[in-house]
Amino acid sequence: MMRYRTAFTFVLLAFCFSNPSQAAPEKVYNAESITLSNGMQVVVIPNHRAPVVSHMVWYKVGAADEPQGDGVSGAAHFLEHLMFKGTKAVAPGQFSKIIRGWGGEDNAFTSWDYTAYFQSVSKDKLPNVMALEADRMLNVTLPPKEIASELPVIIEERRMRTDNDPQSLFSEQMRAILFASTNYAVPIIGWRDEMPKLNRDHVLNYYQTWYTPKNAILVVSGDVTMNDVKPLAEKYYGFIPSHDVPDHVRPITPDFPSPTTLKFESDELRQPMFLEAWRAPSYIMDKKEALALDVLMETLSGGSSTELYQSLVVEQKIATDISLSFEGDSRGEGSIWLSAVPAPTVTLEKLQQAIDRKLGELVKSGLSDEAFQKAKTRMIDQELYARDSVMGPAMVVGQGLSYGLTLDDIETRPAQIQAVTLDDANAVLKKYLDPVSPKHLPVIGFMIPKEKAK
């Protein structure tokens, strides 16, 4: 199955229009929303360029909603796999074959706060797809034989994606400290020593607790209108019984007394790397600060012409690459991640000092207004370009709704970006990136090729 840290990366392109000065529209997607009698939200995003649709069901639940403290992890992701392993009406492994037989494609992905299943098909197959997806919302059977055969598959997936990838493995270790004592510290796929303990009871309890219409969002994007989709949604999803779900518990990790430094040595590393991560508010916690952080990241690190790259890579030649990113699409806390590769003769310690020095200089001088305005323009253009695809809008809208944004939040994002001021961006720069700020308490990571380790 696919995995995305954020659905925005799936749809936003790394280039912008040649004439970016257009005003932000009132609504990006012109989506319509209704709620069925059983509590399921239905969203339609019209796009009549071709007779195709993307059909997505988002569950407002993810790995962060798994039980804590029972020595087992990965149930959310494991259930995602098992949703393809049969219902009372569809034999194991047949779901995707049926979709492919119609000339379509399908997949699924799990995050900490949401899980999504999608199909892209010609619009005449929309009723058929709804019937299939509604069937597994209600009738997944979780055969013990399929559970036994799929468990080694997800363990191998972890080995390939994480255990054999030094940067993924080290980032996982850093995240465990960054979000200590919360489920955001636990990898979505699960801890390697806990995954073999997963059994039918774990996934069945999770399925019965969270997979219910009241906790689901249907998003249909493409050559349809709400008049087309509403009767189909009522027919295929509207009869499914619904129930309340537990609260989403998202505790806040206490601040560290001081920065934490980790070292990771591996003979599989080709070059050293410096990593730094610290917590920040998500869009749900503080929308104003989160928006300002997003614009700040683009201003400082949105390409090779930006301040950090020009200073540390081009002018000082102390790094060969550097990037900053903000992850704010969550119910709980968000995070900021910095990564940099030192130039061949530069130590990681010297690189860290240069980064801290540059960030300190930026705090004192403030951002360039020209760079700030260009960053906002790039972000707005990327948002507007995303609406031209069929899948992209369904991803953006579904993701935002599933972790707690409103449809208005999503539709008016370009205007919200435009409203961020230079003072807003400088304020979060000082609060979160200033090396001497009390909020700048990062987890610091040194990745060192074993042959260069001392």
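According to our numbering, the sequence shown is numbered sequentially starting from -12.
For glycine and all other residues, C-beta sits at the position ideal for the given N, C-alpha and C.
Could you name the residues that DSSP lists as bridge partners for residue i?
i: TRP324; result: ALA264, SER312
i: THR248; result: ILE431
i: LEU205; result: VAL29, VAL44
i: VAL501; result: Shown here, the chain extends from -12 to 441; a query on residue 501 therefore has no answer.
i: SER20; result: VAL30
i: PRO329; result: ALA306
i: PRO436; result: SER253
Between residue i and residue j, how many whole angstroms is the CB-CB distance? I'm expecting something under 8 Å.
i: PRO33; j: ASN17; result: 7 Å
i: ALA137; j: HIS68; result: Correcting the residue identity first, residue 137 is Glu in this sequence and not Ala. About 5 Å; that satisfies the 8 Å criterion.
i: PRO429; j: TRP178; result: Actually they are not in contact, since the Cβ atoms of PRO429 and TRP178 sit about 23 Å apart, beyond 8 Å.
i: ILE305; j: PRO329; result: 7 Å
i: ILE367; j: ILE309; result: At roughly 24 Å, the Cβ-Cβ gap does not stay under 8 Å, so ILE367 and ILE309 are not in contact.
i: TYR46; j: ALA118; result: With 8 Å as the limit, TYR46 and ALA118 do not qualify as a contact, their Cβ atoms being about 18 Å apart.
i: LEU278; j: LEU311; result: Their Cβ separation, rounded to whole angstroms, is 16 Å, which puts LEU278 and LEU311 out of contact at 8 Å.
How big is the Cα-Cα spacing for residue i and residue j?
i: ALA440; j: MET434; result: For ALA440, the predicted structure reports a pLDDT of 49, less than 50, and the residue's modelled location is therefore unreliable. A value from the coordinates is still provided. The straight-line gap from Cα to Cα measures roughly 9 Å.
i: THR59; j: GLU181; result: According to the sequence as given, residue 59 is Val; it is not Thr. Going from the Cα of VAL59 to the Cα of GLU181 covers about 5 Å.
i: LEU341; j: LEU262; result: Checking the displayed sequence, the identity of residue 341 turns out to be Ala instead of Leu. Roughly 14 Å between the two C-alpha positions.
i: GLN258; j: GLU357; result: 35 Å
i: PRO246; j: ILE431; result: 7 Å
i: LYS84; j: GLU120; result: 14 Å
i: VAL300; j: SER292; result: 10 Å
i: ASN347; j: PRO114; result: Residue 347 is actually Gly in this sequence, not Asn. Taking the straight line from one Cα to the other gives about 57 Å.
i: SER8; j: ALA76; result: Residue confidence is low: SER8 scores 42 on pLDDT, short of 50, so the model does not pin down where it sits. No coordinate-derived value is stated.
i: CYS3; j: LYS418; result: Summary for CYS3: the model assigns pLDDT 34, below 50, so the residue's position carries little reliability; its value from the coordinates is reported in the next sentence. For CYS3 and LYS418, the distance between alpha carbons rounds to 30 Å.
i: ASP152; j: PRO183; result: 20 Å
i: MET284; j: TRP324; result: 10 Å
i: TRP99; j: GLY49; result: 5 Å
i: HIS427; j: LEU416; result: 10 Å
i: SER20; j: LYS14; result: 14 Å
i: LEU256; j: VAL232; result: 44 Å
i: MET378; j: GLN339; result: 40 Å
i: GLU276; j: GLU314; result: 12 Å
i: MET27; j: PRO174; result: 29 Å
i: ARG123; j: ASP316; result: 27 Å
i: MET43; j: THR128; result: 21 Å
i: MET213; j: VAL31; result: 6 Å
i: ARG344; j: ASP111; result: 59 Å
i: LEU420; j: ILE271; result: 21 Å
i: GLN369; j: GLY353; result: 25 Å
i: LEU185; j: ASP52; result: 16 Å
i: PHE166; j: PRO401; result: 30 Å
i: VAL350; j: LYS337; result: 20 Å
i: SER41; j: SER107; result: 4 Å
i: LEU156; j: ARG36; result: 42 Å
i: SER453; j: TYR171; result: Residue coverage of the chain in this structure runs from -12 to 441, which leaves residue 453 outside it and unanswerable.
i: GLU438; j: ALA327; result: 20 Å
i: GLY289; j: ASP411; result: 18 Å
i: VAL140; j: ILE176; result: 11 Å
i: TYR390; j: PRO331; result: 42 Å
i: PHE444; j: VAL190; result: The shown model of the chain, from -12 to 441, leaves out residue 444, and the question about it has no answer.
i: GLN81; j: ARG187; result: 21 Å
i: THR334; j: LEU249; result: 15 Å
i: SER253; j: GLN154; result: 10 Å
i: ASP395; j: GLN303; result: 44 Å
i: GLU294; j: SER424; result: 21 Å
i: ALA62; j: THR102; result: 12 Å
Of all the CB atoms in chain D, is at least one closer than 8 Å to the CB of residue i?
i: LEU280; result: No chain D is present in this structure, which holds just one protein chain.
Would you check if the stretch 207 to 215 and the stretch 123 to 136 touch, i.e. whether three or more CB-CB distances between them fall below 8 Å?
Under the Cβ criterion (8 Å, minimum of three pairs), the stretch 123 to 136 does not count as touching the stretch 207 to 215.
Is there contact here, the stretch 371 to 378 with the stretch 233 to 253, by at least three beta-carbon pairs under 8 Å?
Cβ pair count under 8 Å is below three, so no.
For the structure I just gave you, are there three or more beta carbon pairs, one from the stretch 378 to 392 and one from the stretch 217 to 227, closer than 8 Å?
No, the stretch 378 to 392 is not in contact with the stretch 217 to 227.
Go through the stretch 73 to 153 residue by residue and report every complete run of the beta strand (DSSP E) that reaches 3 residues or more, in order.
If one requires a minimum length of 3 residues, the beta strand (DSSP E) runs lying completely within the stretch 73 to 153 are 92 to 97, 102 to 109, in chain order.
Touch test, the stretch 145 to 161 against the stretch 184 to 196, Cβ-Cβ under 8 Å, three pairs minimum
The stretch 145 to 161 vs the stretch 184 to 196: no contact.
Ranges of the alpha helix (DSSP H) found wholly within the stretch 331 to 405, counting only runs of at least 4
Every alpha helix (DSSP H) of 4 residues or more that sits fully in the stretch 331 to 405 is shown, in chain order, as 335 to 352, 356 to 373, 378 to 390, 394 to 398.
Report the residue ranges of all alpha helix (DSSP H) runs contained in full by the stretch 170 to 194; include only those spanning at least 4 residues, in chain order.
Entirely contained in the stretch 170 to 194, not one alpha helix (DSSP H) run reaches 4 residues.
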